[in-house]
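Read through the structure below, which is laid out as structure tokens, and then see the notes.
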Amino acid sequence: MFAVGRVAAANTLYVAFRGTASWDDAVADADIHPDEKPAIPGGKVHSGFNKRSAFVPLKQILHCAEKEDCQTIITCGHSLGGAVSSIAAIDLVIHLGKNPDNRVFNITFGSPFFGNKSVRKTCKEEQYEQNLLHYVGHQDVVPGILSLGHTISQLRIWV
């Protein structure tokens, strides 16, 4: 979903990705084979989430932002949508480069892990992480579902 709002007298494009709501979404969740991210040395992301992020091409997001004269793009989502929106935001930041006029932010709620340590390291080194905001409930199993240790610790709580 795309929406345009005004923040501090400037247009902002919001790109929202939905969470798991269908069998196809569950299949995407289960597609955990890692996809390489050529723009990130050694970077790999969850294949199902990566494929979903391509459903809305960067060109379309950038076209909408340009058409509506948006200086800021905010990607957001819950669960599956949060992981997809994170990958889309990172792809946008990499595509746009380090131009201070390009403002891309990401806000997630209960998003699962989506990338490996190389993705995390690049986000930290390139300071992308400053634009990524993740809200997580401390007993929510989804954010750590791809972490075996986290999943086991949560299962112990329920048993």
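The numbering used here applies: residue 47 is where the sequence shown begins, and numbers increase by one. Idealized CB from N, CA, C, for every residue including glycine. Just so it is clear, the structure is predicted and the values come from calculations on it, not from any experiment.
Same chain, Cβ closer than 6 Å to residue i, neighbours up to 5 away in sequence not counted
i: residue 194; result: With a pLDDT of 48 at residue 194, under the threshold of 50, the predicted position of this residue should be treated as unreliable, and no value is reported.
i: residue 84; result: none
i: residue 141; result: 104
Top-ranked residue by Cα proximity to residue i, from the options
i: residue 145; options: 154, 174 and 164; result: 174
i: residue 139; options: 154, 118, 124 and 123; result: 118
i: residue 151; options: 94, 122 and 130; result: 122
i: residue 165; options: 129, 182 and 147; result: 129
i: residue 159; options: 141, 132 and 63; result: 132
i: residue 47; options: 69, 86 and 99; result: 99
i: residue 169; options: 114, 86, 106 and 70; result: 86
i: residue 101; options: 53, 134 and 81; result: 134
i: residue 63; options: 124, 172 and 171; result: 124
i: residue 97; options: 113, 120 and 70; result: 70
i: residue 95; options: 167, 113 and 75; result: 75
i: residue 137; options: 55, 112 and 172; result: 172
Contact under 7 Å by Cβ, residue i with residue j
i: residue 65; j: residue 126; result: yes
i: residue 57; j: residue 116; result: yes
i: residue 73; j: residue 107; result: no
Buried/exposed call for residue i, threshold 16 Cβ in 10 Å
i: residue 249; result: Outside the displayed range of the chain (47 to 205) lies residue 249, so it cannot be described from this structure.
i: residue 178; result: buried
i: residue 201; result: In this prediction, residue 201 has a pLDDT of 47, which is less than 50 and means its spatial position is unreliable; what the coordinates show is noted afterwards. That one is exposed.
Collapsed DSSP secondary structure at residue i in the structure displayed
i: residue 96; result: helix
i: residue 168; result: helix
i: residue 153; result: strand
i: residue 83; result: coil
i: residue 54; result: coil
i: residue 207; result: Nothing in the structure corresponds to residue 207, since the chain is present only between 47 and 205.
i: residue 196; result: Residue confidence for residue 196 is low, a pLDDT of 48 falling below 50, so the modelled location carries little weight; the figure read from the coordinates is stated next. The answer is helix: DSSP assigns residue 196 an H, G or I state.
Residues near residue i in its chain [Cβ-Cβ closer than 7 Å; skip 5 each side]
i: residue 110; result: 48 and 59
Contacts around residue i, its chain only, beta-carbon distance under 8 Å, and the 5 residues preceding and following it disregarded
i: residue 79; result: 93
i: residue 181; result: 153, 154, 155 and 156
i: residue 91; result: 80, 81, 83, 133, 160, 161, 162 and 165
i: residue 147; result: 117
i: residue 53; result: 118
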